[in-house]
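Q: Protein chains in written order, with this note's numbering: chain A, 53 to 352; chain B, 169 to 457; chain C, 106 to 363. The beta-carbon is built from N, C-alpha and C at its ideal position, and this holds for glycine as well.
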Amino acid sequence: MASSRNISLSRCVDRVTGGVLALFALVSGGTVLLLLWNLFAGAWPAIEAGRLGAFFTDAKWQPGSQRDPQFGMVTMLAGSALVTVLAVALALPVGLASAIFHRFYAPPLLARWNRRIMELLIGVPSVIFGFWGLMVVVPAILRIAPGTPGQSLLAGGVVLALMILPLIALTSQAALQAVPSSLLQAAAGLGLGRARTIVSVALPAARGGITTGVFLGLARALGETMAVVLVCGNIPQIPGSLFDPIRPITSTIALEMGYATASHKALLFCAGLVLMLCTALLVGWISFRKNAANPGIGGA
Amino acid sequence: MITHPIRRSPSKGLDLAIALAGAFAALLSFFLFGWLVWDLVRLGLPKLSWSFFSGEVEDAGRGGGIAPILVSTLGILACCLGLAIPLGTGCAIWLSEFVRRGSAWARLVASGVDLLAGVPSIVFGLFGMVFFAQTLGLGFSILSGGLTLACMILPLLVRTTLTALESLPADLRPAAAGLGLSKTTTTFRLLLPAALPGIVIGITLGVGRALSETAALLFTSGYSTRMPESFSDSGRALSVHIYDLALNVANGSAMASSSALVLLALILLVNSAAVALSEHWLRRRSSAS
Amino acid sequence: MLLAGCGEKESSGTIMVTGSSTVAPIVADAAKEYEASHPGVRIEVQSGGSSRGISDAISGVADLGMVSRALKEDETVKLTAHALAMDGVCVVLHRDNPVKQLDKQQLVDIYTKKITNWKDVGGNDAAIVVANKAEGRSTLEVFLHYLGLDHADVKADVIVGENLHVIHSVVGNPHTIGYVSIGTATAEEKAGTPVKLVVTDGKTPTMESVKDGSFPITRPLNIVTGAETSPAAQAFLDYLMSTEIHGIVEKHFFVPVR
Numbered sequence: 053m054a055s056s057r058n059i060s061l062s063r064c065v066d067r068v069t070g071g072v073l074a075l076f077a078l079v080s081g082g083t084v085l086l087l088l089w090n091l092f093a094g095a096w097p098a099i100e101a102g103r104l105g106a107f108f109t110d111a112k113w114q115p116g117s118q119r120d121p122q123f124g125m126v127t128m129l130a131g132s133a134l135v136t137v138l139a140v141a142l143a144l145p146v147g148l149a150s151a152i153f154h155r156f157y158a159p160p161l162l163a164r165w166n167r168r169i170m171e172l173l174i175g176v177p178s179v180i181f182g183f184w185g186l187m188v189v190v191p192a193i194l195r196i197a198p199g200t201p202g203q204s205l206l207a208g209g210v211v212l213a214l215m216i217l218p219l220i221a222l223t224s225q226a227a228l229q230a231v232p233s234s235l236l237q238a239a240a241g242l243g244l245g246r247a248r249t250i251v252s253v254a255l256p257a258a259r260g261g262i263t264t265g266v267f268l269g270l271a272r273a274l275g276e277t278m279a280v281v282l283v284c285g286n287i288p289q290i291p292g293s294l295f296d297p298i299r300p301i302t303s304t305i306a307l308e309m310g311y312a313t314a315s316h317k318a319l320l321f322c323a324g325l326v327l328m329l330c331t332a333l334l335v336g337w338i339s340f341r342k343n344a345a346n347p348g349i350g351g352a
Numbered sequence: 169m170i171t172h173p174i175r176r177s178p179s180k181g182l183d184l185a186i187a188l189a190g191a192f193a194a195l196l197s198f199f200l201f202g203w204l205v206w207d208l209v210r211l212g213l214p215k216l217s218w219s220f221f222s223g224e225v226e227d228a229g230r231g232g233g234i235a236p237i238l239v240s241t242l243g244i245l246a247c248c249l250g251l252a253i254p255l256g257t258g259c260a261i262w263l264s265e266f267v268r269r270g271s272a273w274a275r276l277v278a279s280g281v282d283l284l285a286g287v288p289s290i291v292f293g294l295f296g297m298v299f300f301a302q303t304l305g306l307g308f309s310i311l312s313g314g315l316t317l318a319c320m321i322l323p324l325l326v327r328t329t330l331t332a333l334e335s336l337p338a339d340l341r342p343a344a345a346g347l348g349l350s351k352t353t354t355t356f357r358l359l360l361p362a363a364l365p366g367i368v369i370g371i372t373l374g375v376g377r378a379l380s381e382t383a384a385l386l387f388t389s390g391y392s393t394r395m396p397e398s399f400s401d402s403g404r405a406l407s408v409h410i411y412d413l414a415l416n417v418a419n420g421s422a423m424a425s426s427s428a429l430v431l432l433a434l435i436l437l438v439n440s441a442a443v444a445l446s447e448h449w450l451r452r453r454s455s456a457s
Numbered sequence: 106m107l108l109a110g111c112g113e114k115e116s117s118g119t120i121m122v123t124g125s126s127t128v129a130p131i132v133a134d135a136a137k138e139y140e141a142s143h144p145g146v147r148i149e150v151q152s153g154g155s156s157r158g159i160s161d162a163i164s165g166v167a168d169l170g171m172v173s174r175a176l177k178e179d180e181t182v183k184l185t186a187h188a189l190a191m192d193g194v195c196v197v198l199h200r201d202n203p204v205k206q207l208d209k210q211q212l213v214d215i216y217t218k219k220i221t222n223w224k225d226v227g228g229n230d231a232a233i234v235v236a237n238k239a240e241g242r243s244t245l246e247v248f249l250h251y252l253g254l255d256h257a258d259v260k261a262d263v264i265v266g267e268n269l270h271v272i273h274s275v276v277g278n279p280h281t282i283g284y285v286s287i288g289t290a291t292a293e294e295k296a297g298t299p300v301k302l303v304v305t306d307g308k309t310p311t312m313e314s315v316k317d318g319s320f321p322i323t324r325p326l327n328i329v330t331g332a333e334t335s336p337a338a339q340a341f342l343d344y345l346m347s348t349e350i351h352g353i354v355e356k357h358f359f360v361p362v363r
């Protein structure tokens, strides 16, 4: 009798907790709708004027030109994509290798300190990264490729890689840390060496966490503004090489928003929408892949 | 795992290769960041003094101190975390424990949060300006800025908490259910404490992200260098101050570096506090059980 | 409303000033002085670009707007401009670049890529890196107007936003040519940053040559007001237009107007 009352009481508590948490979750998930709605409202004048098509058909971006205004955004989409992919390609190997080192090879004290330093570095404002990129990375690039502007796809990729490196390293380290030690001991018990254990047991087990880190890094790099605007050169073009300047979408918003008049401002809101669309595709693709890779997890 | 063929071939070479590559990567990142921080120290340290922390902003930031800016920054951070921590952890717990994974609602919420993670910070700034400052009538204020940042770091908190909860041993939950514990008890007494290290990492990441944000704050908490008297006052965050000094104020570089050093120290402080707190909880919990 | 406008209310209340990031530091400093001598008055200075100053002044969100250029024709219908200071726009090069002066035609050729090597204008044999300002920047408008170019004519290698970004770009790559506010360039040159101001069409860019009107590329830094101005805002505007703030204007390396 008493125990059945307890059970019904705890069911009741569970229901209340579940309700409150569901509310929190709905607010969290719904924020993006609120944001989209506000963005859409800001972009509406440009959509109404039928400018959306020009985003993809115009070759250039020169909204301020009196003679030949053009609103092409394909070059900026390419710029955003290229610099983001380059950044992740540079940061992932370094971040992952360093996480493996600190998890399996370095003494615990060093690993702890490394974690603290990485946490610290996430808080370096992007303008500082950009500034440092301009003063250190750009001259270094000029030494490799004299005669180029220096501010380039490569400079943007390197600076962004540095910015997302702590994020990738930390999440990878946390994911490796979370691999149950029983699993590692079992692997050792089977006679697998340390290297084999890492490659065939720890890394596959930590794949989910590492993917989360990469995803957060991708999103951060794609949305990063203040650093890329300082080092990318901001020329809206399809780059012919790593040393050519590019213009990511965020740069355009950052450079022009404070100075744009009404119709131009709506275009920049459109640019924000386009960027979110890209992210949505990325998110969709990743969750699709996740579900395809381990379909069993959905039913848990 | 068990069906994996046991290889007795000596993997010493591979082990050495991984160790060397890892050590190189660790050294490389350490070296690059050391360089970056050293440049800040070289430029910024000479200007640091007690009056820098206690003084008013003078001459557009070229002179005086940053006391009002520190206060504004902490106010913004408090608003941000006050909203983002309950929302973010709550959302993650719901996704992980209270809803069937793969259900339509769970997927909707999860993709909503993931989508939010990809919003560029400057778009958050525009959203905050329109929604918090204008629609809700909060104006340029510490509150507007903090709430905008809360939206921005929310996905980070949700994702890290979720990862921490999901990486807990799978047999924990059926075991707790077998003991007759309610889901609520299991979650708050068993799972959350166990996932605390992961959650703390998420929060420290969020703090770092919030403190370093510039673009989202310029349009929401504003530019005023006056000492704020309440959360509804406009207040310039440290990162906005650094941005202004580095790009708008001629001869502002040195003070920008000093301010950046202070920002780093602040992050170190907040992170240490978070880590100490979580270790304290863990110890209390283990001594209580 | 009417009552609030009279009597002792005249000099108290909150005044909102928003707009150009170039003008904001001057007004913020002036506001501080003004608040000290006028207890009860609070002045909120918010930066965010000239266009924000214009839209906020029109919508009434701000009492005063800050705009770092002359108003366009359609804007003068709704707004009145009050010049706070003058500023010049000058060409900057790296200190190690041997080129000392450039005439208007050379600048046109460089910015349209008819000239692409420094040796064609008396410098070293090196490719010219052309830095241009981003759309909407008033320095861009003023500079292109001087050269008689349209946005579509300019072929740049690097596009930057803020004045100091130009300076940092020139320091980071010594083959860069850029243009910035004379105030910014002078302050940085004096502080030992390796940049120099280039003689343009025979005119030396200095605060003095801007003041006497001999330097050809200038812009006004304006405070703009909408249809109605509250008495408190008007009082602050009068202060900004007085000679009392000349010291502040000069401290920020701009040229006072009266």
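On the criterion of 16 or more Cβ atoms from any shown chain inside 10 Å, does B:K180 qualify as buried, or is it exposed?
A: Exposed is the call here.
Q: Starting from C:N237, follow the beta strand (DSSP E) in both directions and report where the run begins and ends.
A: Start and end: V234 to K238.
Q: In chain A, what lies closer than 8 Å to B:T241 by C-beta?
A: Residues of chain A passing the Cβ test: none, with the nearest at roughly 11 Å.
Q: The beta strand (DSSP E) that contains B:P323, what's its start and end?
A: Note, B:P323: premise wrong, no beta strand (DSSP E); alpha helix (DSSP H) at I310 to E334.
Q: Taking B:A246 as the query, report the chain A residues whose CB atoms sit under 8 Å from its CB, ordered along the chain.
A: None at all; the shortest Cβ gap to chain A is about 16 Å.
Q: For C:E240, return the contacting residues in chain A, with the cut-off set at a CB-CB distance below 8 Å.
A: Correct list: Q114, P115, G116, L307, E308, Y311, A312 and H316.
Q: So the alpha helix (DSSP H) C:E294 belongs to, where does it begin and stop?
A: I287 to K295 is the span of the alpha helix (DSSP H), which, as asked, contains C:E294.
Q: If you count every other CB in all the chains shown that lies within 10 Å of the CB of A:N346, and 16 or more means buried, which is it?
A: With a pLDDT of only 44 at A:N346, under 50, the local geometry of the prediction cannot be trusted, and no value is derived from it.
Q: Would you mind sorting B:P214 into buried or exposed? The rule is 16 or more other CB atoms within 10 Å of its CB.
A: B:P214 comes out exposed.
Q: Near B:A428, which residues of its chain fall below 6 Å by C-beta distance, leaving aside the five closest residues on each side in sequence?
A: Contacts found: L208 and I410.
Q: Contact between the region 215-225 of chain B and the region 416-427 of chain B: three or more CB pairs below 8 Å?
A: The answer is yes - the region 416-427 of chain B touches the region 215-225 of chain B, with three or more Cβ pairs under 8 Å.
Q: Identify each residue in the region 291-303 of chain B for which the Cβ-Cβ distance to at least one residue of chain C is less than 8 Å, and report them in chain order.
A: Listed by position, the residues of the region 291-303 of chain B near chain C (Cβ gap below 8 Å) amount to none.
Q: Excluding the 5 residues flanking A:R299 on each side, which residues of the same chain have their C-beta closer than 8 Å to its C-beta?
A: Contacts found: W113, T127, M128, G131, C284, G285, N286, I287, P288 and Q289.
Q: I'd like to know whether the C-beta atoms of B:I237 and B:R404 end up nearer to each other than 8 Å.
A: Contact flag set, yes.
Q: Tell me the residue span of the alpha helix (DSSP H) that contains C:I328.
A: Segment T323 to T330 is the beta strand (DSSP E) holding C:I328; no alpha helix (DSSP H) there.
Q: Nearest-angstrom Cα distance between B:G280 and B:G366?
A: Distance between the alpha carbons of B:G280 and B:G366 is about 22 Å.
Q: Are the beta-carbon atoms of C:S126 and C:S152 separated by less than 8 Å?
A: Yes, these two residues count as a Cβ contact at 8 Å.
Q: Verify the CB distance criterion: does A:I180 have a CB-CB separation below 8 Å to chain C?
A: No, no contact with chain C.
Q: Taking 8 Å as the CB-CB limit, is A:N286 close to chain C?
A: With 8 Å as the cut-off, A:N286 counts as an interface residue toward chain C.
Q: Is B:P337 buried or exposed, if buried means 16 or more other CB atoms sit within 10 Å of its CB?
A: Flag for B:P337 reads exposed.
Q: What are the start and end residues of the beta strand (DSSP E) that includes C:T119?
A: Counting along the chain, the beta strand (DSSP E) containing C:T119 begins and ends at G118 to G124.
Q: By alpha-carbon positions, which one of B:F387, B:V326 and B:S400 ends up nearest to A:L268?
A: If we check each option's Cα against that of A:L268, B:V326 comes out closest.
Q: So, with DSSP's three-state summary, where would you put B:G370?
A: If DSSP states are grouped into helix, strand and coil, B:G370 belongs with the helices.
Q: Counting along the chain, where does the beta strand (DSSP E) carrying C:I148 start and finish?
A: Here the beta strand (DSSP E) through C:I148 covers V146 to S152.
Q: Can you grab the Cα-Cα spacing for the pair B:L358 / B:A344, in whole Å?
A: Roughly 8 Å between the two C-alpha positions.
Q: When you compare the CB positions of C:G118 and C:A337, do they come within less than 8 Å of one another, or not?
A: Cβ atoms of C:G118 and C:A337: closer than 8 Å.
Q: Decide if B:V438 is buried, meaning its Cβ has at least 16 other Cβ atoms within 10 Å, or exposed.
A: By the 10 Å Cβ count, B:V438 comes out buried.
Q: Does C:H280 come out as helix, strand or coil in the three-state DSSP assignment?
A: Of the three classes helix, strand and coil, the one that applies to C:H280 here is coil, per DSSP.
Q: Under the DSSP definition of a beta bridge, which residues are partnered with C:Y222?
A: It is Asn, not Tyr, that sits at residue 222 of chain C in the sequence shown. According to DSSP, which records beta bridges pairwise, C:N222 is partnered with C:A232.
Q: How would you call C:G110, buried or exposed, if buried means at least 16 neighbouring beta carbons within 10 angstroms?
A: Per-residue confidence for C:G110 stands at a pLDDT of 37, beneath the threshold of 50, marking its modelled position as unreliable; the derived number appears in the next sentence. That one is exposed.
Q: Got a sec, what are the start and stop residues for the beta strand (DSSP E) A:G202 sits in?
A: That residue, A:G202, is in no beta strand (DSSP E); it is neither H nor E in DSSP.
Q: Looking at the C-beta of A:V176, does it have a partner C-beta in chain C at a distance below 8 Å?
A: No, A:V176 does not count as interfacial toward chain C.
Q: Which residues of chain A have a Cβ atom closer than 8 Å to the Cβ of B:Y411, listed in chain order?
A: Here the neighbours are P177, V179 and M278.
Q: By a C-beta neighbour count over all protein chains shown, 10 Å radius and 16 as the cutoff for buried, is B:E447 buried or exposed?
A: Answer is exposed; the Cβ neighbour count stays below 16.
Q: For A:S374, would you say it is in contact with chain B, using Cβ-to-Cβ distances shorter than 8 Å as the test?
A: Missing from the structure shown is residue 374 of chain A; chain A here goes from 53 to 352 and no further.
Q: Pick helix, strand or coil for B:L349, following the three-state DSSP scheme.
A: Coil, per DSSP.
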